[in-house]
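Q:
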Amino acid sequence: MSKRIDVKDLNVYYGDFLAVEDVNINIEAKSVTAFIGPSGCGKSTFLRTLNRMHEVLPGARVEGEVLLDGDNLYGHGVDPVSVRAQIGMVFQRPNPFPTMSIRDNVLAGVKLNNKKITKGAADALVEKSLLGANLWNEVKDRLDKPGSGLSGGQQQRLCIARAIAVEPQVILMDEPCSALDPISTLAIEDLINELKDQFTVVIVTHNMQQAARVSDKTAFFNIAGTGKPGKLIEFGDTHSIFSNPSQKATEDYVSGRFG
Amino acid sequence: MTNTPLTTQGAGRTGDKVFSGAALAAGCLILAVLFGVALFLVVQALPALVAPPDKIQGGHGFFAYIGPIVVGTLIAAVIALVIATPIAIGVALFISHFAPRRLASGLGYVVDLLAAIPSVVYGAWGAAFLAKEIAPAYEWMASNLGWLPIFQGPASATGKTILTAGIVLSVMVLPIITSISREIFLQTPKLHEEAALALGATRWEMIRMAVFPFARPGVISAVMLGLGRALGETMAVALVLSSGALTASLIQSGNQTIAAEIALNFPEASGLKVNTLIAAGLVLFVITLGVNMVARWIITKHKEFSGAN
């Protein structure tokens, strides 16, 4: 239940503006890959091209290929809706549906694909997903309460439960801890370590320690200047990116000299 | 380090006081006006309410007089809302989520223009054009759907029926409901729209998961504002409707609304008749108040799940 992603010669545009240039990257199945880099370097933009969320913005488009186990996500006749059902996403700010209960939030994606799920199957899935997101013990007595009543960290784990409930191949996380306190962050990081047993995880983070703690591989993105496109500078094992980078820019960034 | 004594009041404090005073005065003025209107209505209506039944128009007392008109008012307003609400929500959604940006702003502008047309123009259009054009449709309804009490024949040959009035009203309330709904739809947090899309929702599913739940209280308010206009609309109904006694059929002439009844009779009224008409106005006031309170109750009932927390 997890697939690899191979990106070939990907250019990402907002209208005529080239935001990310010429990315080639191979993301292994059942691994955690971290994208790091200074603000505005295009790492979030690039992440959003991996499940075709990028094109939700008017004028946004891409050139190149993103292969999910060999199938091009941008191939002719590929439905972005089915792409997103296979590649889930967790956002920077926790965004449970405010009008839905905790239970309905977890089931939100499932009900899109499978309208007639029995109550027993739904209950089992809710428990399994919340257990998978390390949230079950905290919310099992209030599944019918609104998801927006939880703390920020709990809301983010609810969003992860919602994402894994549809059993995607890949989970993308766009700075999932940036709005959370250190304890909630730790809970999410522990969870990411468990998720990689089942899913391919790609995470964008501003926090280099976090990248070092959670990821197997790290990609460093950088930007030459304002108005210039972001580029993938270096991609390799997390350990070697942080201890022995091959590029000068990577070394400067991970040692805290800029960004 | 500046050494400002803590007791000194800054220059900005005067502005604060003036502003809070002005805001308080404005708030009190609204209450005073509302209270004044209510008081006027009650005092002026009282003679009609306590008068002996045979002195009131119709000869059976005030409530026998007002009852059919209240029902007529509600029928016209309900017809208007039943027609206008789905269209308004559809147009608002099209503008906010489906139309290309350039078309959307143009269309929004045109819808707002509909609100700028004076109601007497709508009335003239309804009476001179729509009623005539729609009369054959009423004939068809009478012969094919006549078994339903609301479409019972014989259909009005002039088309000047409560259904025509309701259709004209629906065009008039459409812009209010549309513009408010559109504004609310546009305010849906991107966060929640993206959450739905990232789960593999189609655009319509995204709208059902993220946009409608968020917009629900706002759309209810929009519909209630539309209802307020439909209940109180005078000129259009007065011109379009060939009024008469209360009748269940929507395609015969008959029925009357409070606002049109007041407008048509007030110029020639005198004595107790004036009090009767003002009492009718009081009833309309109470109905509108009740509608608004129900709307607020619906909105607050779901506050826990509204996203405000």
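Protein sequences appear in the order of chains A and B.
If you're matching positions, the first sequence starts at 1 in this note's numbering and goes up one per residue.
If you're matching positions, the second sequence starts at 1001 in this note's numbering and goes up one per residue.
Ideal Cβ placement from N, Cα and C applies to all residues, glycine included.
Quick caveat: nothing in here was measured; it's all calculated off a predicted structure.
1. My assumption, with CB atoms under 8 Å, is that A/V66 sits in contact with A/L57. Please give the rounded CB distance.
2. Tell me where the alpha helix (DSSP H) around A/D174 begins and ends.
3. So is A/M53 in contact with chain B if we call contact Cβ pairs under 9 Å?
4. What number of angstroms, rounded off, separates the C-alpha of B/V1042 from the C-alpha of B/A1210?
5. Pull the bridge partners of A/F35 from the DSSP assignment, please.
6. With H, G and I counted as helix, E and B as strand and the rest as coil, what does DSSP make of A/G236?
7. Would you identify the three-state DSSP class for A/M53, choosing helix, strand or coil?
8. With 9 Å as the threshold, decide whether the Cβ of B/G1218 is near any Cβ in chain A.
9. Can you list, in chain order, the residues of its chain with a C-beta nearer than 6 Å to that of A/K43? Leave out the 5 residues immediately preceding and following it.
10. Between which two residues does the beta strand (DSSP E) harbouring B/I1066 extend?
11. If you reduce the DSSP assignment to three classes, tell me which class B/N1265 lands in.
12. Considering just the uninterrupted stretch of the alpha helix (DSSP H) at B/D1054, what are its terminal residues?
13. So the alpha helix (DSSP H) A/G152 belongs to, where does it begin and stop?
14. Just by C-beta distance, which residues in the stretch 193–213 of chain A are closer than 7 Å to chain B?
15. 9 Å is my cut-off, CB to CB: does B/T1202 come that close to chain A?
16. Within a Cβ cutoff of 7 Å, which residues of the same chain sit near B/V1312, ignoring the five residues on either side of it in sequence?
17. A/R93 versus chain E: which residues are under 9 Å apart at the beta carbon?
18. Mind checking A/A188: buried by the 16 CB within 10 Å criterion, or exposed?
19. Should the stretch 194–209 of chain A be regarded as contacting the stretch 223–232 of chain A, the criterion being three or more beta carbon pairs within less than 8 Å?
20. Let me know if A/K115 comes out buried or exposed under the rule of 16 or more other beta-carbons within 10 Å of its beta-carbon.
21. Rounded to whole angstroms, what is the Cα-Cα separation between B/K1301 and B/G1106?
22. Use the C-beta contact count for A/I223: other C-beta atoms within 10 angstroms, 16 or more gives buried, fewer gives exposed.
23. Taking the alpha-carbon of A/H54 as reference, which of A/A219, A/N193, A/D174 and A/I192 has the nearest alpha-carbon?
24. How is the beta strand (DSSP E) around A/A60 delimited, first residue to last?
25. For A/M89, count neighbouring C-beta atoms within 10 Å of its own C-beta (all shown protein chains included) and say buried if the count is 16 or more, exposed if not.
26. I think B/S1156 touches B/I1083, with their Cβ atoms under 8 Å apart; what is that distance to the nearest whole Å?
27. Any chance you could list the beta strand (DSSP E) runs of at least 3 consecutive residues sitting entirely within the stretch 1226–1265 of chain B, in chain order?
28. Compile a chain-ordered list of the residues in the stretch 105–118 of chain A whose CB is closer than 8 Å to at least one CB of chain B.
29. If we cut at 9 Å on Cβ distances, does A/F35 have a partner in chain B?
30. Thinking C-alpha only, which one of A/S129, A/R84, A/D71 and A/S82 is nearest A/D104?
31. Would DSSP call A/N72 helix, strand or coil?
32. Determine whether the beta carbon atoms of B/L1225 and B/I1184 lie at a separation below 9 Å.
33. Quick one: Cα of B/L1113 to Cα of B/M1172, how far?
34. Check B/N1309 in the structure and name its three-state DSSP category.
35. Helix, strand or coil, according to DSSP, for A/D6 in the structure here?
36. Which residue from A/T49, A/I5 and A/E28 puts its Cα closest to that of A/V20?
A: Based on what the coordinates show:
1. Sequence index remark: in the first sequence, residue 66 of chain A carries index 66 (1-based). Sequence index remark: in the first sequence, residue 57 of chain A carries index 57 (1-based). Between A/L57 and A/V66 the Cβ distance is about 17 Å, and since that is not below 8 Å, they are no contact.
2. Locating residue 174 of chain A in the first sequence gives position 174, where the first residue counts as 1. Here A/D174 belongs to no alpha helix (DSSP H); instead the beta strand (DSSP E) covers V170 to D174.
3. As a first step, residue 53 of chain A must be located in the first sequence, where it is residue number 53. Yes, A/M53 counts as interfacial toward chain B.
4. One-based indexing of the second sequence puts residue 1042 of chain B at position 42. One-based indexing of the second sequence puts residue 1210 of chain B at position 210. If I take the Cα positions, the gap works out to 46 Å.
5. What you label residue 35 of chain A is simply residue 35 of the first sequence in a count that begins at 1. A/V204 and A/A219.
6. In the first sequence, residue 236 of chain A corresponds to position 236, counting from 1. If DSSP states are grouped into helix, strand and coil, A/G236 belongs with the strands.
7. Here residue 53 of chain A corresponds to residue number 53 of the first sequence, with the count starting at 1. Three-state DSSP puts A/M53 in coil, outside helix and strand.
8. The residue given as residue 1218 of chain B occupies position 218 in the second sequence. Output row for B/G1218: interface = no.
9. As a first step, residue 43 of chain A is located in the first sequence; it is residue number 43 there, counting from the start. Within the same chain, A/K43 has close Cβ partners F35, G37, V204 and F221.
10. Along the second sequence, one-based indexing puts residue 1066 of chain B at 66. Where B/I1066 is concerned, there is no enclosing beta strand (DSSP E), although the alpha helix (DSSP H) it sits in stretches over F1062 to L1093.
11. For the purposes of this step, residue 1265 of chain B is taken as residue 265 along the second sequence, with counting starting at 1. Residue state, collapsed to three classes: helix.
12. By 1-based counting over the second sequence, the position of residue 1054 of chain B is 54. Run containing B/D1054: none; DSSP gives neither H nor E here.
13. For the purposes of this step, residue 152 of chain A is identified with residue 152 of the first sequence, where counting begins at 1. Start and end: G152 to A165.
14. none
15. As a working mapping, residue 1202 of chain B is identified with position 202 in the second sequence. Judged by the 9 Å Cβ criterion, B/T1202 is in contact with chain A.
16. Outside the shown range of chain B (1001 to 1309) lies residue 1312 of chain B, about which nothing can therefore be said.
17. Within the model displayed, chain E is absent; protein chains A and B are what it includes.
18. Translated into positions along the first sequence, residue 188 of chain A becomes position 188. Inspection of the sequence shows that residue 188 of chain A is occupied by Ile rather than by Ala. Counting Cβ neighbours within 10 Å, A/I188 comes out buried, since at least 16 surround it.
19. no
20. Sequence index remark: in the first sequence, residue 115 of chain A carries index 115 (1-based). A/K115 should be labelled exposed.
21. Translated into positions along the second sequence, residue 1301 of chain B becomes position 301. Translated into positions along the second sequence, residue 1106 of chain B becomes position 106. In a straight line, the C-alpha of B/K1301 is about 36 Å away from that of B/G1106.
22. By one-based count along the first sequence, residue 223 of chain A stands at place 223. That one is buried.
23. The residue given as residue 54 of chain A occupies position 54 in the first sequence. Taking only the C-alpha atoms, the option nearest A/H54 is A/D174.
24. Locating residue 60 of chain A in the first sequence gives position 60, where the first residue counts as 1. Taken as a continuous stretch (DSSP letters only), the beta strand (DSSP E) holding A/A60 covers A60 to L68.
25. Position 89 of the first sequence, counted from the start, is the residue given in the question as residue 89 of chain A. So A/M89 counts as buried.
26. Within the second sequence, the letter at position 156 stands for residue 1156 of chain B. Within the second sequence, the letter at position 83 stands for residue 1083 of chain B. At roughly 19 Å, the Cβ-Cβ gap does not stay under 8 Å, so B/S1156 and B/I1083 are not in contact.
27. none
28. A108, G109, L112 and N113
29. Your numbering for residue 35 of chain A matches position 35 in the first sequence. Not an interface residue.
30. Here residue 104 of chain A corresponds to residue number 104 of the first sequence, with the count starting at 1. Nearest of A/S129, A/R84, A/D71 and A/S82 to A/D104, Cα basis: A/S129.
31. Locating residue 72 of chain A in the first sequence gives position 72, where the first residue counts as 1. Residue state, collapsed to three classes: strand.
32. Mapped onto the second sequence, residue 1225 of chain B falls at position 225. Mapped onto the second sequence, residue 1184 of chain B falls at position 184. No.
33. On the second sequence, residue 1113 of chain B is found 113 positions in, with the first residue counted as 1. On the second sequence, residue 1172 of chain B is found 172 positions in, with the first residue counted as 1. When rounded, the distance between both Cα atoms is 11 Å.
34. Along the second sequence, one-based indexing puts residue 1309 of chain B at 309. In this prediction, B/N1309 has a pLDDT of 39, which is less than 50 and means its spatial position is unreliable; nothing more can be read from the coordinates.
35. For the purposes of this step, residue 6 of chain A is taken as the residue at position 6 of the first sequence. Here A/D6 sits in strand by DSSP.
36. Residue 20 of chain A sits at position 20 when you count from the first residue of the first sequence. The residue with the shortest Cα to Cα distance from A/V20 is A/T49.
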